[in-house]
Amino acid sequence: MPKPTVFYDGRCPLCRREIDHYRRLDYACAIEWHDVHRQDAALEAVGITLDDAMRRLHVQDASGRINTGARAFVVIWRTLPRYRWLAALIERCHLTQSLEWFYTRFAAWRYRRRCRTSCTAPTAPRQ
């Protein structure tokens with residue numbers, strides 16, 4: 011069975027710290043981890059641009075569906091034994107959309123802040 015694949019910004023200290031935390035908990039190697047700056051071919055294969063990957067966390071679940079933002083975190087949490095309870099709670103209480111509201115604002119702030127000084131993502135206009 012295919013594993014979920016996480017596409018993350020390995021040049022962002024905050025993102026890297028969080029992903030490193032999840033990787034340490036991935037005892038069964040149940041998730042593929044791809045730094046978007048080192049995995050251009052992997053991004054291209056699933057149709058994610060580097061700019062999109064820099065703006066939001068992307069996770070391809072085991073069925074091949076691309077999840078972003080809060081849904082991406084739920085896929086990660088559902089896969090990691092120590093976080094399954096959190097994924098179940100969020101799904102059972104229908105909290106994903108509320109979390110998405112917060113995630114969207116945080117991700118936009120992070121992108122602006124990060125890209126103000128050190129962004130290497132292309133500056134193509136958003137469509």
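Here the working numbering = 1-based position in the sequence shown + 10. Just so you know, even glycine gets a beta-carbon here, dropped at the ideal spot from N, CA and C.
Sufficient close CB pairs (3 or more, under 8 angstroms) joining the region 50 to 63 to the region 105 to 118: Not touching, per the Cβ criterion.
Any chain C beta carbon closer than 8 angstroms to residue 44: The structure shown has no chain C; it contains just one protein chain.
Residues of its chain near residue 42, where Cβ-Cβ distance is below 8 angstroms and the 5 sequence neighbours each way are ignored: Short of 8 angstroms from the beta carbon of residue 42, and not among the five residues preceding or following it, lie these beta carbons of its own chain, in chain order: 13, 14, 15, 16.
Straight-line gap, residue 121 to residue 26 (C-alpha atoms, nearest Å): Computed Cα separation, rounded: 14 angstroms.
Residue 82 and residue 109 closer than 8 angstroms at C-beta: The answer is no: Cβ separation not under 8 angstroms.
Outcome for residue 124 when other beta-carbon atoms lying within 10 angstroms are tallied against a minimum of 16: With 16 or more Cβ atoms within 10 Å of its Cβ, residue 124 is classed as buried.
Close beta carbons around residue 53, own chain, < 8 angstroms, minus the five adjacent residues each side: So the qualifying residues of the chain are 17, 44, 46, 59, 60, 63.
Residue environment, residue 87, which counts as buried when at least 16 other CB atoms sit within 10 Å: The C-beta of residue 87 has 16 or more other C-beta atoms within 10 Å across all chains shown, which makes the residue buried.
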